[in-house]
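Each residue of the sequence shown is one higher than the last, beginning at 5 in our numbering.
Input: a single structure, listed below in structure tokens.
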Amino acid sequence: MLLVPGSLTLAQLHGFERSHEPLSLDPSCRERMAAGARAVSRIVAEGKPVYGINTGFGKLAQTHIAADQLELLQKNLVLSHSVGVGALLSDEIVRLVMLLKVASLARGYSGVRPELVDAMLALLEAEVFPCIPSKGSVGASGDLAPLAHMSAALLGWGEARHRGKILPAAEALRVAGLAPITLAPKEGLALLNGTQVSTALALHGLFAAENLFAAAVVAGAMSVDAAMGSDTPFDERIHELRGHLGQIEAAATYRRLLHGSQIRASHLTGDDKVQDPYSLRCQPQVMGACLDVMNAAALTLLTEANGVTDNPLVFPETGESLSGGNFHGEPVAFAADQLALAIAEIGALSERRVALLIDATISGLPPFLTSASGVNSGFMIAHVTAAALASENKSLAHPASVDSLPTSANQEDHVSMATFAARRLSDMAENTAGIVAIELLAAAQGIDLRRPLRSSRALEEAHAIVRRVAPHLDGDRYLALDIAAVTPLVRAGAFTRFCPEVALSSS
Numbered sequence: 005m006l007l008v009p010g011s012l013t014l015a016q017l018h019g020f021e022r023s024h025e026p027l028s029l030d031p032s033c034r035e036r037m038a039a040g041a042r043a044v045s046r047i048v049a050e051g052k053p054v055y056g057i058n059t060g061f062g063k064l065a066q067t068h069i070a071a072d073q074l075e076l077l078q079k080n081l082v083l084s085h086s087v088g089v090g091a092l093l094s095d096e097i098v099r100l101v102m103l104l105k106v107a108s109l110a111r112g113y114s115g116v117r118p119e120l121v122d123a124m125l126a127l128l129e130a131e132v133f134p135c136i137p138s139k140g141s142v143g144a145s146g147d148l149a150p151l152a153h154m155s156a157a158l159l160g161w162g163e164a165r166h167r168g169k170i171l172p173a174a175e176a177l178r179v180a181g182l183a184p185i186t187l188a189p190k191e192g193l194a195l196l197n198g199t200q201v202s203t204a205l206a207l208h209g210l211f212a213a214e215n216l217f218a219a220a221v222v223a224g225a226m227s228v229d230a231a232m233g234s235d236t237p238f239d240e241r242i243h244e245l246r247g248h249l250g251q252i253e254a255a256a257t258y259r260r261l262l263h264g265s266q267i268r269a270s271h272l273t274g275d276d277k278v279q280d281p282y283s284l285r286c287q288p289q290v291m292g293a294c295l296d297v298m299n300a301a302a303l304t305l306l307t308e309a310n311g312v313t314d315n316p317l318v319f320p321e322t323g324e325s326l327s328g329g330n331f332h333g334e335p336v337a338f339a340a341d342q343l344a345l346a347i348a349e350i351g352a353l354s355e356r357r358v359a360l361l362i363d364a365t366i367s368g369l370p371p372f373l374t375s376a377s378g379v380n381s382g383f384m385i386a387h388v389t390a391a392a393l394a395s396e397n398k399s400l401a402h403p404a405s406v407d408s409l410p411t412s413a414n415q416e417d418h419v420s421m422a423t424f425a426a427r428r429l430s431d432m433a434e435n436t437a438g439i440v441a442i443e444l445l446a447a448a449q450g451i452d453l454r455r456p457l458r459s460s461r462a463l464e465e466a467h468a469i470v471r472r473v474a475p476h477l478d479g480d481r482y483l484a485l486d487i488a489a490v491t492p493l494v495r496a497g498a499f500t501r502f503c504p505e506v507a508l509s510s511s
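Below you can see the structure in the form of structure tokens.
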């Protein structure tokens with residue numbers, strides 16, 4: 005993969021997270037980085053105090069540091085900030101974090117030498133991933149603690165993972181053919197300042213949400229047929245009058261998925277139901293709103309991934325070093341909070357459809373989707389699990405960005421909480437994947453119970469995907485295995501090919 009800083013796409017970011025494709029840097033970046041490093045050297049030579057280059061940090065910014073202490077200053081910055089706690093971030097997240105940091109530094113406005121970026125690329129090439137604890141960042145000044153753990157590995161401190169094995173960082177560097185690096189002025193601060201951890205976590209949540217969305221749309225369409233619902237609510241004319249793009253696109257997908265269904269054709273006339281419940285009828289409105297929110301978040305996160313978010317910023321053309329606040333994670337926090345709402349609602353609507361399908365008075369199917377209810381409980385408690393997961397997501401969906409605690413003796417008096425906002429998306433996505441998996445099983449069972457009628461070609465293909473890993477439920481069995489078999493399909497995007505109309509627009 006050729007990395008052109010400032011021009012990353014969502015498709016590139018998604019692909020890089022999932023694979024170990026070699027990464028090469030646009031050669032034109034080297035001179036821009038070198039020019040930035042030369043500008044920092046000139047500032048050091050002049051001796052004037054400039055924040056982050058020859059001063060302390062945060063509340064200690066007024067302290068001027070002597071030239072012979074600058075190397076120690078950068079080293080101490082990394083070590084003192086390596087205070088994260090909690091479970092380690094996964095290799096795929098760390099890989100994305102490092103890519104985003106390389107992309108930011110290589111823009112040439114951080115004042116770092118090309119050699120520093122080369123060392124990070126060498127770690128990526130060797131599949132050596134610094135061990136980064138997941139907790140300890142408030143999202144301003146950037147993701148200080150987690151990025152310090154990433155940076156400490158370059159200095160030979162801390163630990164790193166290589167092909168699943170945790171090694172002392174110095175040993176891991178040897179695996180990558182590297183020696184511990186010595187940081188030049190400003191390089192430690194450039195590594196630590198930035199939103200790369202929160203952005204990587206939010207991107208991970210975004211990519212998970214895309215897979216959840218597609219699976220939930222397919223499950224919802226299957227549920228319409230299983231419950232002998234109507235496709236009239238998906239009529240194009242209804243949605244064009246409201247005008248929301250996501251809603252229009254979602255409705256088109258439902259129409260296409262249901263087209264040609266024998267089940268639908270069987271009750272076009274003589275059906276005494278006037279209207280379906282909202283969880284069937286209002287799917288384009290709810291899922292379309294989720295899609296619009298996901299697209300908005302995607303645009304924000306792609307902008308952030310291509311931005312420069314450390315401080316101060318060095319402008320080689322003028323030799324200036326300007327202090328600002330690009331490290332503040334508010335845009336990422338807002339995007340992550342939006343994604344949390346979408347993930348929660350995707351699961352909430354899916355849970356309602358499971359409840360509908362097991363209710364014989366609404367679905368017209370056997371109680372709890374089993375032909376011998378009483379001795380068999382069928383999907384009764386599978387729905388309880390879906391309800392539990394949906395309820396948990398309600399709590400997790402509370403906006404993180406509305407919280408702030410001042411740090412650094414009130415110098416950093418407003419923070420974004422972007423890192424937690426983004427980190428909790430993985431838990432929420434896992435919950436929603438479980439809910440949608442349960443719906444896919446329930447909807448497939450409902451379609452089975454409509455035989456010999458068949459659903460549409462597309463939905464029969466989706467039904468077959470479910471049935472390849474989970475057979476029809478003839479009587480009660482250890483149903484956890486079925487849920488465990490279908491959930492990875494949801495998580496891995498096995499149903500995205502059924503929904504090309506609703507791919508994220510920024511990809």
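For each residue, glycine too, the CB sits at the ideal point set by N, CA and C.
query                                                                                                                                                         : result
What does the alpha-carbon distance come out to for the pair Lys190 and Glu308?                                                                               : 22 Å
Checking the sheet assignment: what are the DSSP bridge partners for Ser28?                                                                                   : Leu6
From this set, Ala339, Arg259, Ala426, which residue's C-alpha is nearest Ser459's C-alpha?                                                                   : Arg259
Looking at the structure shown, is Glu434 part of a helix, part of a strand, or coil, going by DSSP?                                                          : helix
Under 7 Å, do Ile451 and Ala230 count as touching if we go by C-beta distance?                                                                                : yes
Quick one, which of Pro31, Asp30, Ala204 has its alpha-carbon nearest Gly333's?                                                                               : Ala204
Unbroken alpha helix (DSSP H) runs of length 4 or more, entirely within the region 115-168: which are they?                                                   : 118-129, 148-158
Please classify Met291 as buried or exposed, where buried requires at least 16 neighbouring CB atoms within 10 angstroms.                                     : buried
Using only CA atoms, which one of Cys286, Pro492, Gln251, Asp30 lies nearest to Leu109?                                                                       : Asp30
Between the region 65-77 and the region 175-182, can you find at least three pairs of beta-carbon atoms closer than 8 Å?                                      : no
To which residues does DSSP link Phe383 through a beta bridge?                                                                                                : Answer by DSSP bridge pairing: none, since Phe383 is not bridged.
Does the region 272-291 come close enough to the region 227-242 that 3 or more CB-CB pairs lie under 8 Å?                                                     : yes
Using three-state DSSP, classify Ser84 as helix, strand or coil.                                                                                              : helix
Check whether the region 81-88 and the region 137-156 touch, using three or more Cβ-Cβ pairs below 8 Å as the test.                                           : yes
Hey, is the region 234-247 in contact with the region 363-372, meaning 3+ C-beta pairs nearer than 8 Å?                                                       : no
Does the Cβ-Cβ distance between Leu216 and Ile350 come in under 7 Å?                                                                                          : yes
Suppose contacts are defined by Cβ-Cβ distances below 7 Å. Is Leu104 in contact with Gln16 by that definition?                                                : no
Please state whether the Cβ-Cβ distance between Met421 and Ala344 is less than 7 Å.                                                                           : no
Short of 6 Å in beta carbon distance, which residues of its chain neighbour Ser510, apart from the five on each side in sequence? Order them along the chain. : Since pLDDT at Ser510 reaches only 48, below the 50 mark, its modelled position is unreliable, and no value is offered.
Residues in the same chain with beta-carbon distance under 8 Å from Pro150, minus the five sequence neighbours each way, listed in chain order, please.       : Gly88, Leu93, Val101, Ile136, Pro137, Ser138, Gly140, Ser141, Val201, Thr423
If you measure between the beta carbons of Asp341 and Pro403, is that distance less than 7 Å?                                                                 : yes
For Asp363, which of Val221, Arg461, Ala446 has the nearest alpha-carbon?                                                                                     : Ala446
Would you decide whether Asn414 is buried or exposed? Buried here means 16 or more other CB atoms lie within 10 Å of its CB.                                  : exposed
Which word fits Val336, buried or exposed, when buried means at least 16 other C-beta atoms lie within 10 angstroms of its C-beta?                            : buried
Does Gly115 pass the burial test, meaning 16 or more other C-beta atoms within 10 Å, or should it be called exposed?                                          : buried
Express the C-alpha separation of Glu240 and Ser246 in angstroms, rounding to a whole number.                                                                 : Sequence inspection shows Arg at residue 246; the Ser mentioned does not correspond to that position. Computed Cα separation, rounded: 10 Å.
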